[in-house]
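The opening position of the sequence shown corresponds to residue 1 in the UniProt record's numbering, with each subsequent residue numbered one higher.
Each residue gets a CB set at the ideal place from its N, CA and C atoms; glycine is no exception.
Since we're looking at a predicted model, the values are computed, not measured.
Read through the structure below, which is laid out as structure tokens, and then see the notes.
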Amino acid sequence: MPASAQMLVPENFFNAPIDPAAPTAVEADELVFDSVNNIISARGDVVLRLGGYTITGNELVYRRATGDMDVVGDATVTDPAGNVTASPTISLTGGMKRAVLNTMTITAYDGSRITADSADFDRELETILTNAQYAPCGECIDEEGRRIGWSISAARIVQNNEDGSISFEQPTLALLGVPVAWLPYLWLPDLSNEGLDRVPKPSIGYTEQIGLKAEVSFSAYSSRWTDIILTPTLLTNQGFLMGAEWVQRFDNGSMRIKASGLYQFNPDAFTFPDARREWRGAIQAQGEFVPVEEWTAGFAYATFTDSAYFKDYLLEPRRAGINEVYATHLTEDTFVDARVQQYNLLGDTERFNQRQDEQGIAFPNLRVERTFDLPPGAGRIDVEAKMLNIYRAREHTTTVNGIPYDLGYGGTRLHGMTQASWQNQLIFGGAVVTPFAGVRLDAASYDRSSATDLSNPGIPPANQVLLGATPIAALDVRYPLAAYGNGVTHLIEPIAQLVYRGASSTQPGITNEDSQSVFFDDSNLFSYNRFTGIDRQETGLRANLGGRYLLDFNDGNYLELIGGQSFQLAGTNVFAEPNRQQVGVASGLDLASSYAVLGAYGVLADTVKAGGKVQLDTGTIDIARASLGATYSGDLFSAGVSYRYARATPAAGNIRAQHELGGELTVPFADYWSATGQAYWDLSANSFLLAGAGLTYDDGYLSVGGSAVRTGPTHTSPNDTRFLASFRLKAPAGLDIGYSGAVPVVQDWLKRAGTP
């Protein structure tokens, strides 16, 4: 009997001790901390690997108050010898329970992994991990056994489960398994792509003027509320550039101030006069806050020694182009935006004969929009109001090949506009009819006496006050026809519009600050007003005729065509009115029968994307403008080609046709490695416009690359050579993981956590 009993129960049946040297791991779909009941739960396909044992179940429950730890639901245990036992519930005690809490590995749903010598989940919704390592790529070894990606190890990692922020004490960054950087402390809002962009990273660049640029940023101090980042930069042709940034966060917003500067060893390397000085630098500040729900307030300010500083030293200008203070309100039916703005010139302004005092100061720049939905079948009412007050110390005028342009007049101008409109969509026998009715009110004034420099005069209007009222009526009629067969859908939609504007003046803004550009194509073919701002508006009676065709293959591939023409039937054609801003000249709308426009877009075989626009002069049957582009993405290579043409328009100062052809090619030549090349040619000047090449490593978690670019003589930055290096850490699968509803989402490495 004793011998038989020994044969029925093997000697190694569940009696193997827990091997402390064996790897320990906890895998589950989600980890939830219930702060009310003080319970931690790992849920969904739970797998525990503890000292040679494997335990599976539906849920792992740890009751911190009593110390009980149970695996619940279809629980199984496999011992080191391969013996298996099953039970509805298995209680973990002693060494097994301690092994779950200590020396733990958590593998998240996205493949990321965190390991730690010990873990604690306190009542303040914090996860505290000691001697921990986070790796977005799990083991960070691919199928071929090669190291990939990046990881951060730290003496202590603290996850704030309430807001998703993470702090690292003494973190070390490793790339491809090799440690490359150490910081005393690092705080990140999360481990998404946006959060990872905060990690200080080195950069390398080169230009002929500054030589080789080597920049290394590091956090001198970091906490949940404050970051102080220092950025020393070595320049082989200009010396040493130092940057410092202070980032301050609050419960309802944040602000940041950055200063940088240097003493130039070789000022004569630059041709821009303002850049040829010994000391150059800049101070930048910006902030954004949410003082109350649905309101956002902020500011941006920058001051610099010269406008070319950021470009010359390959620095990010951020919002240096506009100094402003603003407040924005946004709800489902209301939008309010109020700003005070000062516009700053950036770049080599001497090449374009620009001066800072020619730029306007806007106080205020105000925009309000509100939509009122009427009872079903009655349509809706839209109300909008805009106000723009501009002060300019010096008049901004120029001449392009003998054609004068008055871009801004000295003095103070104010223009306010409000418009109320009603529209409703009706269906009659398959036709979709949308009537539109509205009224626009304008009030404007101009006073030139406040200008301080009138030495560069154009032909300004007289000082005056203008009031205007414009009735608006429009009718949009569409008759969509659809057919389905052989796995494809055809949609044909003829469109006809009549638009009437009984404007009392073609220049409601007196001066023109915000309506200096008009481009006519398929995107605004069926617009009621094609001006970009309020200082000009269309007048008279106009008809827009055309249509749309869509061929949908019901698998993501499609072909879409949009085309038509616009006709001035009565009243003044404002696009043909002479003006010193040359608005409307050669736009195609300055004729009673406009140019015909066509847009074509499509996706074929899920690999080819193409699009193009054409503007045809129907009087001469010549192409006035054309732009075409196509991209291909496949396993062997990806490529893109583009073509742009605009015929010469001497009336606007363009005496030479713009005629450009370019292409880009990316070829993967090894796992994670690809080579890129690009070239653009100015066909009119018979000269290259831009040429460049680059090399990139990207394994999905770590991206490192370098490129070189050379511009040609007709480029906006002619004869310029630049070398750039890029470096980026990526979240798992490139995903940005944030918050959903009222339950906070713990970033990447803990799946999800929150209070019920």
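Quiz item: Which residue spans inside the segment 157-221 form an unbroken alpha helix (DSSP H) run of at least 4?
Solution: Correct list: 193-196.
Quiz prompt | Alpha-carbon to alpha-carbon, residue 223 and residue 625 | solution = When rounded, the distance between both Cα atoms is 55 Å.
Quiz item: Taking DSSP as the reference, what is the three-state secondary structure of residue 594?
Solution: In the three-state DSSP reduction, residue 594 falls in the coil class, being neither helix nor strand.
Quiz item: Excluding the five sequence neighbours on either side, which residues of its own chain have a C-beta within less than 6 Å of the C-beta of residue 189, listed in chain order?
Solution: When the five nearest sequence neighbours on each side are left out, the beta carbons in the same chain lying within less than 6 Å of the beta carbon of residue 189 are those of 165 and 195, in order along the chain.
Quiz prompt | Sub-8 Å separation of residue 91 and residue 70 beta-carbons | solution = Result yes, Cβ atoms of residue 91 and residue 70 sit closer than 8 Å.
Self-check item: Alpha-carbon to alpha-carbon, residue 60 and residue 30
Solution: Going from the Cα of residue 30 to the Cα of residue 60 covers about 11 Å.
Exercise. Would you kindly work out how many angstroms separate the C-alpha atoms of residue 602 and residue 140, rounded to a whole number?
Key: The C-alpha of residue 140 is placed about 39 Å away from the C-alpha of residue 602.
Quiz prompt | Rounded separation between residue 400 and residue 653 - CA only | solution = A direct Cα-to-Cα measurement between residue 400 and residue 653 gives close to 5 Å.
Quiz item: With a CB to CB cut of under 6 Å and the five nearest residues on each side skipped, what residues in its chain are close to residue 559?
Solution: If the five residues before and after residue 559 are omitted, its C-beta is found closer than 6 Å to the C-beta atoms of 551 and 602, all from its own chain and listed in chain order.
Quiz item: Are there 16 or more other CB atoms within 10 angstroms of the CB of residue 430, so buried, or fewer, so exposed?
Solution: So residue 430 ends up on the exposed side.
Quiz item: Does the Cβ of residue 171 have 16 or more other Cβ atoms within 10 Å, making it buried, or fewer, making it exposed?
Solution: It is buried - the Cβ of residue 171 has at least 16 other Cβ atoms within 10 Å.
Self-check item: Given residue 299 as reference, the closest of 234, 590, 338 and 292 once Cα atoms are compared
Solution: With distances taken between CA atoms, residue 299 lies nearest to 338 out of 234, 590, 338 and 292.
Quiz item: Is the beta carbon of residue 689 sitting closer than 8 Å to the one on residue 709?
Solution: Pairing residue 689 with residue 709 gives a Cβ-Cβ distance that is not under 8 Å.
Exercise. Could you pull out every residue in the same chain whose Cβ sits closer than 6 Å to the Cβ of residue 153, ignoring the five residues on either side in sequence?
Key: These residues qualify, in order along the chain: 133 and 172.
Practice problem: Go through the segment 591-633 residue by residue and report every complete run of the beta strand (DSSP E) that reaches 3 residues or more, in order. | Solution: As far as the segment 591-633 is concerned, its whole beta strand (DSSP E) runs of at least 3 residues are 596-604, 608-617 and 622-633.
Quiz prompt | Cβ neighbour criterion (16 or more within 10 Å) applied to residue 252 | solution = With fewer than 16 other CB atoms across the displayed protein chains lying within 10 angstroms of its CB, residue 252 is exposed.
Exercise. Taking 8 Å as the threshold, find out whether the segment 480-493 comes into contact with the segment 411-425 through three or more Cβ pairs.
Key: No, they do not touch.
Quiz item: In chain order, what residues of the same chain lie with their CB nearer than 6 Å to the CB of residue 335, ignoring the 5 residues before and after it?
Solution: Cβ neighbours of residue 335 beyond the five flanking positions: 369.
Quiz item: Thinking C-alpha only, which one of 469, 38, 383 and 156 is nearest residue 66?
Solution: Relative to residue 66, the option among 469, 38, 383 and 156 whose CA is nearest is 38.
Quiz item: Do you know offhand how far residue 398's Cα is from residue 590's?
Solution: Here the C-alpha atom of residue 398 lies approximately 23 Å from the C-alpha atom of residue 590.
Quiz item: Buried or exposed: residue 199, going by 16 or more other Cβ atoms within 10 Å of its Cβ?
Solution: Buried, because 16 or more other Cβ atoms sit within 10 Å of the Cβ of residue 199.
Quiz prompt | residue 373 vs residue 411 beta-carbon contact at 8 Å | solution = Note that the C-beta distance between residue 373 and residue 411 is not below 8 Å.
Quiz item: Leaving out five residues before and five after residue 246 in sequence, what residues of the same chain have Cβ atoms less than 6 Å from its Cβ?
Solution: Only 228 and 257 meet the Cβ criterion.
Quiz prompt | Minimum C-alpha distance to residue 367 - residue among 394, 231, 321 and 415 | solution = Taking each of 394, 231, 321 and 415 in turn and checking the Cα distance to residue 367, the smallest one comes out for 415.
Quiz item: Below 8 Å between beta carbons: does that hold for residue 377 and residue 423?
Solution: It is not a contact, given that the beta carbons lie outside the stated cut-off.
Quiz item: Where residue 267 and residue 347 are concerned, what is the direct C-alpha to C-alpha distance, given to the nearest angstrom?
Solution: In this model, residue 267 and residue 347 are separated by some 16 Å (Cα to Cα).
Quiz item: Residues bridged to residue 659 by DSSP?
Solution: Answer is 645, bridged to residue 659.
Self-check item: Residue-level contact to chain C via CB, residue 236, 8 Å cutoff
Solution: The structure shown contains no chain C; it holds only a single protein chain.
Practice problem: Work out the CA separation of residue 340 and residue 382 for me, nearest whole Å. | Solution: CA-to-CA, the gap between residue 382 and residue 340 works out to about 25 Å.
Quiz prompt | Cβ neighbour criterion (16 or more within 10 Å) applied to residue 6 | solution = No answer about residue 6 holds up, because its pLDDT of 38 lies below 50 and its placement is not dependable.
Quiz item: DSSP three-state call for residue 254: helix, strand or coil?
Solution: In the structure shown, residue 254 sits in a strand (DSSP, three-state: E or B).
Quiz item: Taking three-plus beta-carbon pairs below 8 Å as touching, is the segment 506-519 in contact with the segment 448-457?
Solution: With fewer than three CB-CB distances shorter than 8 Å, the segment 506-519 does not count as touching the segment 448-457.
Quiz item: Where does residue 513 land, buried or exposed, given buried means 16+ other C-beta within 10 angstroms?
Solution: Residue 513 should be labelled buried.
Quiz prompt | Inter-stretch contact (C-beta, 8 Å, three-pair minimum) for the segment 203-222 and the segment 712-724 | solution = The segment 203-222 vs the segment 712-724: in contact.
Quiz item: Would the beta-carbon of residue 594 fall within 8 Å of that of residue 520?
Solution: Residue 594 places its beta carbon less than 8 Å from that of residue 520.
Quiz prompt | Cβ neighbours of residue 530 in the same chain (closer than 8 Å, five flanking residues each side left out) | solution = If we look at residue 530 and ignore the five residues flanking it on each side, its Cβ neighbours are 518, 520, 524, 538 and 589.
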